[in-house]
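Chemist:
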Amino acid sequence: MNIFRLAGDMTHLASVLVLLLKIHTIKSCAGVSLKTQELYAIVFTTRYLDIFTDFISLYNTFMKLIFLGSSYSIVWYIRRHKIVRRSYDKNQDTFRHVFLILPCIVLALLINEKLTFKEVLWAFSLYLEAVAILPQLVLLQRTKNIDNLTGQYVFLLGVYRALYIVNWIYRYFTETHFVHWITWISGLVQTLLYADFFYYYFQSWKTNQKLQLPA
Amino acid sequence: EEQGSGKDEL
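Here the protein sequences line up with chains Z and D, keeping their order.
Following the numbering used here, the numbering of the first sequence begins with -17 at its first residue and continues without gaps.
Following the numbering used here, the numbering of the second sequence begins with -19 at its first residue and continues without gaps.
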């Protein structure tokens, strides 16, 4: 494993921990999109089915369990926790899952590495992950005051994606036969979605002002 | 390091 991949995984882990800690300690999920969190739970469930069929490494299995566990915990907090759920504003978080899930199913059936149940699910999870952040970005745009932790969560997720791209470039040159068009293109699309957010994040950081996205 | 597979990624 190269340093970019490891750094990417660690930022991903940090983003999830920031979000879980925010929800757990201040008992509020204000500004957090349940839709995005549910999409991530679907992404991890469909992609990590291979923990039952292939063993890659202890690290790999451990991280998969962490991402599965954390995404389900966050969804549980927002839906079921008796205090946290009160801070969830479902009138702002209106993005419809189905508009993202259905096209990803169709795309996965058409474009996959092999037309098998596992490979179609794998492709589906990559396509869905690429767009899963959209409800969160829409919610951020609607929220007048983005709190620091929610901003940091999205920022860390964006950094994780960017590091994965560097990791693919590195692997392309250092490993033989490392070509994964589906992963690369959907990963690139996913990272581009953060570009706009990054721009405003750095602006607010530079001028030391509260992060606010233009409507 | 596993070669030729991106499926070792998360």
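Using N, Cα and C, we set each Cβ at its ideal position, and we do this for glycine too.
Note that the structure is a prediction, hence the values are computed from the model and not measured.
With contact counted as at least three CB pairs below 8 Å, one residue from each stretch, are the stretch 30 to 41 of chain Z and the stretch 164 to 172 of chain Z in contact?
Modeler: As far as the Cβ criterion goes, the stretch 30 to 41 of chain Z does not touch the stretch 164 to 172 of chain Z, which means the pair count is below three.
Chemist: What number of angstroms, rounded off, separates the C-alpha of V141 (chain Z) from the C-alpha of K64 (chain Z)?
Modeler: By one-based count along the first sequence, residue 141 (chain Z) stands at place 159. By one-based count along the first sequence, residue 64 (chain Z) stands at place 82. Cα to Cα, the separation comes out at about 33 Å.
Chemist: Residues of the stretch 42 to 62 of chain Z with a CB closer than 9 Å to any CB of chain D: list them in chain order, please.
Modeler: Listed by position along the chain: N42, M45, K46, F49.
Chemist: Alpha carbons only, please: which of Z:Y109, Z:L2, Z:Y135 is nearest the one belonging to S55 (chain Z)?
Modeler: Against the first sequence, residue 55 (chain Z) aligns to sequence position 73. It is Z:L2.
Chemist: Looking at T18 (chain Z): is its Cβ nearer than 9 Å to the Cβ of L116 (chain Z)?
Modeler: Your numbering for residue 18 (chain Z) matches position 36 in the first sequence. Your numbering for residue 116 (chain Z) matches position 134 in the first sequence. The answer is yes: Cβ separation under 9 Å.
Chemist: So, under 8 Å CB-CB, V66 (chain Z) and K9 (chain Z) are touching, yes? Tell me the CB distance rounded to an integer number of Å.
Modeler: Indexing the first sequence from 1 puts residue 66 (chain Z) at position 84. Indexing the first sequence from 1 puts residue 9 (chain Z) at position 27. At roughly 6 Å, the Cβ-Cβ gap stays under 8 Å, so V66 (chain Z) and K9 (chain Z) are in contact.
Chemist: Which word fits S39 (chain Z), buried or exposed, when buried means at least 16 other C-beta atoms lie within 10 angstroms of its C-beta?
Modeler: Translated into the one-based positions of the first sequence, residue 39 (chain Z) becomes position 57. Flag for S39 (chain Z) reads exposed.
Chemist: Give a yes or no on whether 9 Å exceeds the smallest Cβ distance from K(-13) (chain D) to chain Z.
Modeler: One-based indexing of the second sequence puts residue -13 (chain D) at position 7. Closer than 9 Å: yes.
Chemist: Does G(-10) (chain Z) pass the burial test, meaning 16 or more other C-beta atoms within 10 Å, or should it be called exposed?
Modeler: Walking along the first sequence from the start, residue -10 (chain Z) turns up at place 8. Answer is buried; the Cβ neighbour count reaches 16.
Chemist: Per DSSP, what kind of secondary structure is Y30 (chain Z) in: helix, strand or coil?
Modeler: Looking up residue 30 (chain Z) in the first sequence gives position 48. Three-state DSSP puts Y30 (chain Z) in a helix.
Chemist: On the premise that S53 (chain Z) lies in contact with A12 (chain Z), defined as a C-beta separation below 8 Å, what is that separation, rounded to the nearest angstrom?
Modeler: Working through the first sequence from its first residue, we reach residue 12 (chain Z) at position 30. Working through the first sequence from its first residue, we reach residue 53 (chain Z) at position 71. Going by Cβ atoms, the distance from A12 (chain Z) to S53 (chain Z) rounds to 19 Å, so no, they are not a contact pair.
Chemist: If I'm right that Q123 (chain Z) touches L195 (chain Z) with Cβ under 8 Å, what's the distance once you round it to whole angstroms?
Modeler: Position 141 of the first sequence, counted from the first residue, corresponds to residue 123 (chain Z). Position 213 of the first sequence, counted from the first residue, corresponds to residue 195 (chain Z). Sure, about 5 Å apart at Cβ, within 8 Å.
Chemist: What does a CB cutoff of less than 7 Å around L193 (chain Z) pick up in its chain, not counting 5 residues either side in sequence?
Modeler: Numbered from its first residue, the first sequence carries residue 193 (chain Z) at position 211. Once the five neighbours on either side are set aside, the close Cβ partners of L193 (chain Z) are I128, G133, Y182, Y183, S186.
Chemist: Considering only the alpha carbon of each residue, which of Z:V14, Z:Y22, Z:A105 lies closest to Q74 (chain Z)?
Modeler: Here residue 74 (chain Z) corresponds to residue number 92 of the first sequence, with the count starting at 1. Comparing Cα positions, the closest option is Z:V14.
Chemist: For F26 (chain Z) and E(-11) (chain D), I'd like the C-alpha separation in whole angstroms.
Modeler: If you number the first sequence from 1, residue 26 (chain Z) lands on position 44. If you number the second sequence from 1, residue -11 (chain D) lands on position 9. Spanning the two alpha carbons is a distance of roughly 12 Å.
Chemist: Taking the C-alpha atoms as reference points, what is the distance between F37 (chain Z) and K100 (chain Z)?
Modeler: As a working mapping, residue 37 (chain Z) is identified with position 55 in the first sequence. As a working mapping, residue 100 (chain Z) is identified with position 118 in the first sequence. Those two C-alpha atoms are separated by around 15 Å.
Chemist: On the premise that N94 (chain Z) lies in contact with V88 (chain Z), defined as a C-beta separation below 8 Å, what is that separation, rounded to the nearest angstrom?
Modeler: Residue numbering aside, residue 88 (chain Z) sits at position 106 when the first sequence is read from its first letter. Residue numbering aside, residue 94 (chain Z) sits at position 112 when the first sequence is read from its first letter. With a Cβ gap of about 11 Å, V88 (chain Z) and N94 (chain Z) do not count as contacting.
Chemist: Check the Cβ-Cβ distances between E(-18) (chain D) and every residue of chain Z, and say whether any is below 9 Å.
Modeler: In the second sequence, counting from the first residue as 1, residue -18 (chain D) sits at position 2. Note on E(-18) (chain D): pLDDT 45, under 50, position unreliable in the model; no value is reported.
Chemist: Tell me which residues of the stretch 16 to 43 of chain Z have at least one Cβ-Cβ distance to chain C shorter than 8 Å, keeping chain order.
Modeler: The chain inventory of the structure shown lacks chain C, comprising the protein chains Z and D.
Chemist: Hey, quick one: how far does the alpha helix (DSSP H) through R143 (chain Z) stretch, first residue to last?
Modeler: One-based indexing of the first sequence puts residue 143 (chain Z) at position 161. 130 to 156 is the span of the alpha helix (DSSP H), which, as asked, contains R143 (chain Z).
Chemist: Taking the alpha helix (DSSP H) that G(-10) (chain Z) belongs to, which residues open and close that run?
Modeler: Taking the first residue of the first sequence as 1, we reach residue -10 (chain Z) at position 8. -15 to 8 is the extent of the alpha helix (DSSP H) around G(-10) (chain Z).
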